[in-house]
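Reading through the structure tokens given below for one structure.
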Amino acid sequence: MAVIDLANPTRFLRIVDRVLPWLIGATVFLLAVGLYRALNAPDDYQQGATVKIMFLHVPAAWLGMFGWALMSVAALGTLVWRHPLADVSGKAVAPIGAAFTFICLVTGSLWGRPTWGTYWVWDARLTSMLVLLLLYLGVLALYWTAEDPGRGARAAAILSLVGAVNLPIIKFSVDWWNTLHQPASVFRIGGSTIDPSLLTPLLIMGLAFTLLFVTLHLAVMRNEILRRRIRSMRLMQAQEVHA
Amino acid sequence: MNPLAAILVRDMRLAVRIGGGAFMGALFFLIVITMTPFAVGPDLALLARIGPAILWLGALLASLLALDRLFATDHDDGSLDLLMMGGVPLELTVAAKALAHWLTTGLPLVVVAPLLGLMLNVDMHALGWLTLTLAAGTPALTFIGLIGAALSVALRRGGLLLAVLVLPLTVPVLIFGVTAANAAIAGPTPFSPAFTILCALSLASLVLGPIAATAALRHGLE
Amino acid sequence: MNLGPHADFIVAAYAVTLFVVAALIAWVLLDYSAQRRILGDLEERGVTRRSRRKG
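Protein chains in written order, with my numbering: chain A, 1247 to 1489; chain B, 5 to 226; chain C, 847 to 901.
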């Protein structure tokens, strides 16, 4: 079974149908383990128990950014290599990546309030993630307003690539802006290296979230393929009525 | 006449005619600046402090609203299809249109900015520098907005979608523009670094904007 | 489990995450069953896909 099989929607669906239950099982298992480790992790010497929020916040951040990278690769697949399922993949990533970015922002905000005294601050990282969310919402808006799914997908692909170029620029510019205007307070997370007792749960949760991402991604791709099938069946039906 | 020059002149002529909307941007800019004290209060010190930021935001929004015009009218009457089929590389055509757009929409903003800066009590000595940042930055706004305009004309939905797409992409321009302007006024930080980066962003967008916009037009309208 | 003085924030963070993930899963599942139902309807009515027709 070669990678080329993944290009055929019907075969792809069959593969997904077989693989998905295993993925779901693995995801549930890892989430269970991760959550157990996370909730039983020791308190941080500075932040106390609120460090437990980190186990949600950091993986969510990773996956929010990973999502956009994935969308950019899918965009290249759509525009350059013309892979048949590339645009389906890109479209499927968008809501999932946006959701994780949202989780990152909200959990970060809830972490910030008890730890640093404020729900929000225009720190370089927060601001960059907020702009990332806006870019995601822009892509979702494109898919939402496009009547022709093919066109919408190509437009979204271009926006994904433009966004990919712009994200490091945003990070850099916000960093610089922030350095100039940042008030004197310094954010410190207990120590520069994370203790293994906190690092291990973090990595497990990271892996669990990644599996969750992949599972959802494949499931949404399946839905999208079915949706397009329905659309072409309806179009053909309409053409027959006219013929 | 060179075809690109012809496109440039054509777009500029169309823009200044009735229904062209050339100086609407400047008018909108004026209105936004006028409304700022109503929202913020007439405290001159406060206005002076936020003046550069408000001017930049106003310029950004004015540019944004005018971007609709860039491709929509050509798309509606079919001339966009003709331009796409023409012998000139589409990237250059698009760049020429964008240049015409900046000359008729962006440049008026720059010209009007010093007057509006006075209304906001911006430091007189800094007005020149502020205007310079706008002159350097508004091309970036136009050429980045070009991408959004191309994406949304292909989807036949203008307006707010365009704004939603373009605004996040213009964040760096805004940041460096305001930083440079503030540096000229108050700054312990020097004007040059931010200004240089602003120029770099504009130059980069001059190249990348038309490329991305062309891709958007080609893929969207095929 | 002692969550310390800021327990509310920790609980809220986990709750929001759970809610968003649950909403995502729910959306995927509901969409899937809707698509399958429509496909079933269409096939019942005799509308087939091109590739089926050739067979």
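In this text, a Cβ means the ideal position worked out from N, Cα and C, and glycines have one as well. Predicted, not measured: the structure shown is a model, and the values here were computed from it.
Among the options, nearest to residue i - alpha-carbon criterion
i, options, result
"B/His223", "B/Leu166, B/Leu159 and B/Val168", "B/Leu159"
"B/Ala9", "B/Gly82, B/Lys101, B/Leu18 and B/Val211", "B/Lys101"
"B/Pro112", "B/Ala26, B/Leu145, B/Leu122 and B/Phe180", "B/Ala26"
"A/Gly1336", "A/Ala1402, A/Ile1471 and A/Arg1257", "A/Ala1402"
"C/Leu864", "A/Val1352, A/Thr1324 and A/Asn1412", "A/Val1352"
"A/Arg1477", "C/Leu885, C/Glu890 and C/Gly892", "C/Leu885"
"B/Val116", "B/Leu61, B/Ser206 and B/Ala30", "B/Ala30"
"B/Ala63", "B/Asp80, B/Pro41 and B/Met28", "B/Met28"
"A/Trp1390", "B/Leu225, B/Leu165 and B/Ile37", "B/Leu165"
"C/Gln881", "A/Val1487, A/Ala1484, A/Glu1470 and A/Glu1486", "A/Glu1470"
"A/Ala1253", "A/Ala1320, A/Leu1383, A/Gly1398 and A/Ala1392", "A/Ala1320"
"A/Arg1473", "C/Leu849, C/Ala861, C/Leu876 and C/Val862", "C/Leu876"
"A/Val1304", "A/Leu1372, A/Gly1363, A/Trp1268 and A/Tyr1365", "A/Leu1372"
"B/Asp127", "B/Arg14, B/Pro176 and B/Ala49", "B/Ala49"
"B/Val182", "B/Val92, B/Leu103 and B/Trp60", "B/Trp60"
"C/Ala861", "A/Leu1383, A/Gly1271, A/Pro1330 and A/Leu1302", "A/Leu1302"
"C/Asn848", "A/Asp1263, A/Ala1295 and A/Trp1314", "A/Ala1295"
"A/Leu1331", "A/Trp1362, A/Glu1486, A/Ala1399 and A/Ala1392", "A/Ala1399"
Contact set for residue i: own chain, Cβ-Cβ below 8 Å, skip 5 residues either direction
i, result
"B/Leu221", "Phe75, Leu84, Met88, Leu94, Val98, Ala154, Val157 and Ala158"
"A/Ile1440", "Leu1448"
"A/Phe1237", "Residue coverage of chain A in this structure runs from 1247 to 1489, which leaves residue 1237 of chain A outside it and unanswerable."
"A/Val1432", "Residue confidence is low: A/Val1432 scores 45 on pLDDT, short of 50, so the model does not pin down where it sits. Its coordinate-derived value is still stated next. Here the set comprises nothing."
"B/Phe195", "Trp133, Ala184, Ala187 and Ala188"
"A/Asn1424", "Trp1368, Asp1369, Ala1370 and Thr1373"
Close beta carbons around residue i, own chain, < 6 Å, minus the five adjacent residues each side
i, result
"B/Leu173", "Ile148"
"A/Met1482", "none"
"B/Ala130", "Ala188 and Ile189"
"A/Asp1288", "Sequence inspection shows Pro at residue 1288 of chain A; the Asp mentioned does not correspond to that position. For A/Pro1288, where only same-chain residues beyond five positions count, the Cβ hits under 6 Å are Ser1443."
"B/Asp78", "Leu84"
"B/Arg14", "none"
Same chain, Cβ closer than 7 Å to residue i, five either side skipped, listed in chain order
i, result
"B/Ala167", "Leu68"
"A/His1463", "Ala1338, Val1339 and Ile1342"
"B/Ile201", "Phe180"
"B/Arg73", "Gly25"
"A/Leu1381", "Gly1409"
"B/Phe32", "Ala66 and Leu69"
"B/Ala139", "Val114"
Short Cβ contact (9 Å threshold) for residue i with residue j
i, j, result
"A/Leu1457", "A/Leu1276", "yes"
"A/Leu1316", "A/Met1451", "no"
"A/Arg1468", "A/Leu1259", "yes"
"B/Pro56", "B/Ala198", "no"
"B/Leu124", "B/Ala188", "no"
"B/Leu150", "B/Pro214", "yes"
"A/Phe1346", "A/Ala1307", "yes"
"A/Ser1355", "A/Val1420", "no"
"B/Leu134", "B/Gly121", "yes"
"C/Val874", "A/Ala1465", "yes"
"A/Thr1461", "A/Thr1273", "yes"
"B/Pro118", "B/Ser206", "no"
"A/Leu1309", "A/Lys1298", "no"
"B/Ala66", "B/Val36", "yes"
"B/Gly141", "B/Val170", "no"
"B/Gly110", "B/Pro7", "no"
"A/Leu1407", "A/Ser1318", "yes"
"A/Ile1261", "B/Val175", "no"
"B/Leu107", "B/Met5", "no"
N- and C-terminal bounds of the alpha helix (DSSP H) containing residue i
i, result
"B/Pro172", "Gly163 to Leu173"
"C/Arg891", "Element bounds for C/Arg891: n/a, residue is neither H nor E."
"A/Gln1483", "Pro1442 to His1488"
"A/Val1352", "Ala1332 to Trp1362"
"B/Ile11", "Pro7 to Val20"
"B/Asp78", "Leu48 to Asp81"
"A/Tyr1282", "Pro1255 to Leu1285"
"B/Glu95", "Leu94 to His105"
**Prompt:** Taking a cut of 7 Å between CB atoms, which residues from the stretch 136–156 of chain B lie near chain A?
**Reply:** Listed in sequence order: Ile151 and Leu155.
**Message:** Can you pull out the residues from the stretch 50–73 of chain B whose beta carbon lies closer than 7 Å to at least one beta carbon of chain A?
**Reply:** none
**Item:** Residues from the stretch 848–866 of chain C in contact with chain A, defined by Cβ distance under 8 Å
**Value:** Asn848, Leu849, Gly850, Pro851, His852, Ala853, Phe855, Ile856, Ala858, Ala859, Tyr860, Val862, Thr863 and Val866
**Message:** Under 8 Å, CB to CB, which of the residues in the stretch 1447–1468 of chain A have a partner in chain C?
**Reply:** Taking 8 Å as the Cβ-Cβ cut-off against chain C, the residues of the stretch 1447–1468 of chain A that qualify are Leu1458, Leu1462, Ala1465, Val1466 and Arg1468.
**Prompt:** Closer than 7 Å, Cβ to any Cβ of chain A: which residues of the stretch 103–121 of chain B, in chain order?
**Reply:** none
**Asked** Given a limit of 7 Å on CB to CB distance, which residues of the stretch 172–183 of chain B reach chain A?
**Response** Pro172, Leu173, Val175, Pro176, Ile179, Phe180 and Thr183
**Asked** Listed from N- to C-terminal order along the chain, which residues in the stretch 1255–1279 of chain A have their beta-carbon within a distance smaller than 7 Å of any beta-carbon of chain C?
**Response** Flagged: no residues at all.
**Request:** With 7 Å as the C-beta to C-beta threshold (strictly closer), list the residues of the stretch 1309–1343 of chain A near chain C in chain order.
**Result:** Ile1342
**Item:** Residues of the stretch 1409–1429 of chain A whose Cβ lies closer than 8 Å to any Cβ of chain B, in chain order
**Value:** Gly1409, Val1411, Asn1412, Ile1415, Ile1416, Phe1418, Ser1419, Val1420, Trp1422, Trp1423 and Leu1426
**Contacting positions in the stretch 1341–1369 of chain A - beta carbon closer than 7 Å to chain F** = No chain F appears in the structure shown, which is made up of the protein chains A, B and C.
**Asked** Taking any Cβ of chain B, which residues in the stretch 1370–1385 of chain A have a Cβ under 8 Å from it, in chain order?
**Response** Here the close residues are Val1377, Leu1380, Leu1381, Leu1383 and Gly1384.
**Asked** Taking Cβ-Cβ distances below 8 Å as the criterion, which residues of the stretch 1282–1307 of chain A are in contact with chain C?
**Response** Leu1285, Asn1286, Asp1289, Gly1294, Ala1295, Thr1296, Lys1298, Ile1299, Leu1302, His1303 and Ala1306
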